[in-house]
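Working notes for the structure below.
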Amino acid sequence: MKRLELLVVGYWLLANIFNFAYAKEITLLYTGETHSMLYPCNCPKEPDGGIARRAALIKKLRKDNPNTLLLDSGGFIAGGLMDEYTQNVPLDMQRALVNLKSMEMMKYDALAVGDDEFNFGREFLEESAGRDKLPLVSCNISTSTTSGAKETLFRPYLIKEFAGVKVGIIGVTGLTARQKAGGLDFTEPKAAVKEAVADLQKNNADIIILLSHQGEAEDLNLLKDTIGIDILIVGHNRAKEEPSTKIGRTLLLRPSWQGRRLGKLTLTLKENKITGHKVEELRLSDKISDDPQILSILPHCFSDNNCRQASRIGICQAAGTLKSYCQFSEVSKIPLSVIIPKQCRVCDTEGVIKNLKALFPGLSVSYLYYPGAKAAKLIKDFGINSLPVYLLGKEVRQEKGFDNLRENLEMKSDFYLLKPHFGGVSYFLKREKLKGKLDFFLSLYDKDAPQLLAVVKDFSPAIHFLVVEQKDNFDASKGAPEVEEALRSVCVQKYYPQGFWDYISCRSKNPSSSWWQDCLENSADTQKIKSCAQGPEGKTLLKENIRLNQELGIMFGPTYLLDNQEVFGSKTVPKKEDFQKLIGKSKK
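With the working numbering applied, the sequence shown covers 11 to 598.
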């Protein structure tokens, strides 16, 4: 009997030694900036999202790995500037309540408190999400009691423990929330986060996660001075398209906009230390069946936008209630002729057509290719100077959405032409094609300017600064300092052309610094540059530099002009290889 007990004890010890030695896996599921998006998006490509699909996928993933955390970095309440589907306060509040109830049913482990969480006031948040309905976290919000003591309405952090691993989850709220959160006191985020990290370390947390709703720029600044954060999930804005970035020891995660995808982080741990990770964005596509529990609380529609069928127009009746339904009727066919160049690398009509279809569901699109005979005749008859061109049939006058577009239309014979400022310009018809020429329009004050310059350098672009001439003076988005820097730069380009690129690359890293001389080579005559920039010579040079901006009406950047004909912009920093493929020009 004793021997049997020894064998059993020995087996138990051996099993635990193996469990300790082998790696463990923890799954982290995350969302953020959903803005109570209840339904899949009305996207031409990948119409993904919706809380019912999200709930179904979360159930499956939890079943696959019970060691799963579900987190949100804030921005889950409806209304406000970031909510594309805002209607009115009663309907927005009702949509927020449905979303909060669904998150409660999904059993979120922690939700950060952002500025949008106070869109309907502090009381609404407390009543609908407080009282332990949802685990809200923020380490830098508190309120004063009648006795003057500080009382925490939101937990500064939580500790979750499973598989022998302690996970600390901190929330932090951006100070912009103060304007909406009446009666709440906000402390400086960085100091509050440091204090929370220290507390979690004292409690022997193995992993520390920060749910931040400040904005990515503030998050990066926080990480410079804060040690101990393993994972940071951003909120408030998403600065880059990449779903994740490693910043030192910290893995920074960016949730999908409007909950169109579910973020998934798989952590591998050995001896309770992170040894590996895998980041995925899981599509919430129509291949995922809706969760029946969520469907039981989800109104059929909140607005006409939720009533979509091919070739039919829908109207949401009894909006926002469980009795809501879509009433459909046949739509009128509205012809749209789009004229585009036969060869154009940057002509993209998808976004404009999507916006027009939102106004006119019966839109029937056909394309004419320039320099084809029919396209060339219309261009000549209508005096068109740029492409693409969007020509709506006269039937559009009878449509409900016509008045919303009237100011952006110009009558041309039997068509309504969409004005270029609304439809956009990608191709200039009357400009001579100069194959291989690249013009680059930018501000050295753009936060991405150093990376942008590094990408385009090998393609030898002509640089144009985003400065506007006003009578005998200049202006720019950053005011006098940006104008002064542009004046210096064009003077450097004239007197030290071999050092021009190095100079603007150096200045773009810290354009507000007064030590501009440090970006010039030692042999440069700084007094000559200064005299040029402060005198009439600098003004003449800058006028010439921005002449093309004025000619093409380019006021924002980064913007690129290829072959003196094709124009496009970029929201983020393009990869050099992608830029190479686009412009079709060999790198030097």
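Glycine included, each C-beta is placed from N, C-alpha and C at the ideal position.
Here the structure is a predicted model, which is why all the values come from computation and not from measurement.
Exclusion of the five residues before and after S453 leaves A459, F475, L476, A486, S487, K488, E492 and G567 as the residues of its chain whose Cβ lies within less than 8 Å of its Cβ. The Cβ atoms of Y377 and V406 do not sit closer than 8 Å to each other.
Using a Cβ distance threshold of 8 Å, R105 and D300 do not count as a contacting pair.
Counting only unbroken stretches of 3 or more residues, the beta strand (DSSP E) elements lying wholly within the region 227 to 304 are 241 to 243, 254 to 257, 260 to 263, 271 to 280 and 283 to 293, in sequence order.
Judged by their CB atoms, P430 and S374 are not nearer to each other than the 8 Å cut-off. Taking C-beta atoms as the reference points, E127 and N77 fail to come closer than 8 Å. Boundaries for F589: no beta strand (DSSP E) harbours it, while the alpha helix (DSSP H) harbouring it runs K586 to I593, taken from the DSSP string. Between D240 and L210, the gap from beta carbon to beta carbon reaches 8 Å or more. Cβ-Cβ separation between K274 and L81: approximately 11 Å, too far for a contact (criterion under 8 Å). Note that the C-beta distance between L110 and S83 is not below 8 Å.
Contact between Y400 and V348 is confirmed by a C-beta separation of about 6 Å, below the 8 Å threshold. Taking the Cα positions, L220 is about 22 Å away from L292. The bridge partners DSSP lists for D449 are A472 and L571.
If you draw a straight line from the Cα of Y513 to the Cα of L530, it is about 6 Å long. Counting the other Cβ atoms within 10 Å of the Cβ of R259 gives fewer than 16, which makes it exposed. Y437 places its beta carbon less than 8 Å from that of C354. Burial is judged here by how many other beta carbons sit within 10 angstroms of a residue's own beta carbon; Y118 has at least 16 and is buried.
I298 is a Cβ neighbour of L67, given a cutoff of 8 Å. Look at M47 here: in three-state DSSP terms it is coil, with no helix or strand label. By the Cβ neighbour-count rule, W525 is exposed, with fewer than 16 other Cβ atoms within 10 Å of its own. Out of L448, D449, E442 and K390, the CA that lies nearest to the CA of K422 is found in K390. I539 and R498 do touch by the CB rule: their CB atoms are close to 6 Å apart, below 8 Å.
Counting only the Cα atoms, A215 lies some 22 Å from V123. For the pair E290 and L366, the Cα-to-Cα distance works out to about 33 Å. Contact annotation: C149 and A65 have beta-carbon atoms that are not nearer than 8 Å.
Counting along the chain, E137 sits inside no beta strand (DSSP E); it lies in the alpha helix (DSSP H) bounded by residues R132 to A139. Close CB contacts of L107 within its chain, under the 8 Å cut and outside five residues either way in sequence, are with S138 (chain order). Rounded to the nearest angstrom, the gap between the Cα atoms of Y95 and A88 is 8 Å. According to the DSSP assignment, K170 belongs to the beta strand (DSSP E) that extends over Y167 to F172. In the three-state reduction of the DSSP assignment, C542 falls in the helix class, which pools H, G and I.
Taking C-alpha positions only, Q461 is separated from N282 by approximately 37 Å. M47 is classed as buried because its beta carbon has at least 16 other beta carbons within 10 Å across all chains shown.
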